[in-house]
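Protein chains: 2
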Amino acid sequence: MKIEPESCRVDDALGILVGKWKPLILLHLLKNGTQRFSELKRSVPGITQKMLTNQLRDLEEEDIIERKVYPQVPPKVEYSITEYGRSLEPILNAMHEWGTNHIIHKREKMKKENVGNERKL
Amino acid sequence: MKIEPESCRVDDALGILVGKWKPLILLHLLKNGTQRFSELKRSVPGITQKMLTNQLRDLEEEDIIERKVYPQVPPKVEYSITEYGRSLEPILNAMHEWGTNHIIHKREKMKKENVGNERKL
DNA sequence: CTGCATCCAAAATGATACTG
DNA sequence: CAGTATCATTTTGGATGCAG
Numbered sequence: 008m009k010i011e012p013e014s015c016r017v018d019d020a021l022g023i024l025v026g027k028w029k030p031l032i033l034l035h036l037l038k039n040g041t042q043r044f045s046e047l048k049r050s051v052p053g054i055t056q057k058m059l060t061n062q063l064r065d066l067e068e069e070d071i072i073e074r075k076v077y078p079q080v081p082p083k084v085e086y087s088i089t090e091y092g093r094s095l096e097p098i099l100n101a102m103h104e105w106g107t108n109h110i111i112h113k114r115e116k117m118k119k120e121n122v123g124n125e126r127k128l
Numbered sequence: 008m009k010i011e012p013e014s015c016r017v018d019d020a021l022g023i024l025v026g027k028w029k030p031l032i033l034l035h036l037l038k039n040g041t042q043r044f045s046e047l048k049r050s051v052p053g054i055t056q057k058m059l060t061n062q063l064r065d066l067e068e069e070d071i072i073e074r075k076v077y078p079q080v081p082p083k084v085e086y087s088i089t090e091y092g093r094s095l096e097p098i099l100n101a102m103h104e105w106g107t108n109h110i111i112h113k114r115e116k117m118k119k120e121n122v123g124n125e126r127k128l
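Protein chains in written order, with this note's numbering: chain B, 8 to 128; chain G, 8 to 128.
This is the structure:
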């Protein structure tokens, strides 16, 4: 399927992944399976409760993750990747791979630029 | 290569693509090859000069596109995808495909939910 | 334990005028 | 033609307190 600018759906996919914590949240759920809210919070250092809730809601809205509430006290809520959500895994892997290589690419590029600058001195 | 949360590079790739206009700009350059600033501006309806400049600078910074200035009056500046930048194409295609399917998925989901709601009446 | 509400700061985007 | 500069607006993220 060729992309035409008039009917580009890249942004639709991008929108799902964009958010400071979404990739990490998805990764933890993919790697560790079902997790409670508090487990996720511990798994993603630095995230606030508000942001975790927000990002989980976003992902739930798009049917990427599932939220299961146990009606008990104290509350218990479990999150997991949906079957459909797993279809994102290849893209996440591709981006991780590309990103890993990109870091190398940038380092190489900077090296060359530095050599160039030295020659100018 | 398996992604570990501690060494996730998805955000590095994501950062390149994120920006309201970047996917469209990349698509136009991939599809039409080298383009002048004004051609790009026409190709991306609604974008302002400022945003076009910003996003082009971002992409150039990451070595995804190349900027060639012709020192003449009036000025002429051409943009094109770098060889390295083309390595993003598979990811863009995958996201476009996923996004296209996601739109269908959401429509199906809404249909089901509506049926469910009708039953509740 | 889970999560909502409020208030605030920072970043991204947009409108507009100006320049070589 | 291809920008830059400035200011306004919108969006996103963060801190904190409260509640079932």
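From the three backbone atoms N, C-alpha and C, an ideal C-beta is built for every residue, glycine too. Keep in mind that this is a model prediction, so the values were computed, not measured.
Contact set between residue i and chain B, taken where Cβ atoms lie within less than 8 Å
| i | result |
| --- | --- |
| G/P97 | A101 |
| G/L59 | Result: empty, since nearest Cβ-Cβ is about 14 Å, beyond 8 Å. |
Coil, strand or helix - residue i by DSSP
| i | result |
| --- | --- |
| G/R74 | strand |
| G/K119 | helix |
| G/K29 | helix |
| B/G53 | coil |
| G/R16 | coil |
| G/I10 | coil |
| B/E69 | coil |
| G/E90 | coil |
| G/L128 | Any answer about G/L128 is weak, because its pLDDT of 48 lies below 50 and its placement is not dependable; what the coordinates show is given next. Three-state DSSP puts G/L128 in coil, outside helix and strand. |
Residues that residue i bridges to, as DSSP identifies them
| i | result |
| --- | --- |
| B/E85 | B/R43 and B/K75 |
Chain G contact residues for residue i, given Cβ-Cβ distances below 8 Å
| i | result |
| --- | --- |
| B/P30 | C15, V17, D18 and L21 |
| B/I110 | R16 and D19 |
| B/K116 | D70 |
| B/T107 | M8, R16 and D19 |
| B/V25 | L21 and V25 |
Listed by chain order, chain G residues near residue i by CB distance under 7 Å
| i | result |
| --- | --- |
| B/E104 | M8 |
| B/K119 | By Cβ distance, chain G contributes nothing, its closest Cβ being about 11 Å from B/K119, past 7 Å. |
Contact list for residue i against chain B, beta-carbon separation under 9 Å
| i | result |
| --- | --- |
| G/K38 | K9, I10, E11 and P12 |
Neighbour list for residue i in chain B, Cβ cutoff strictly below 7 Å
| i | result |
| --- | --- |
| G/L63 | The contacting residues do not exist; G/L63 stays about 16 Å from chain B at best. |
In chain order, what residues of the region 74-96 of chain B put their CB closer than 8 Å to some CB of chain G? Y91, S94 and L95
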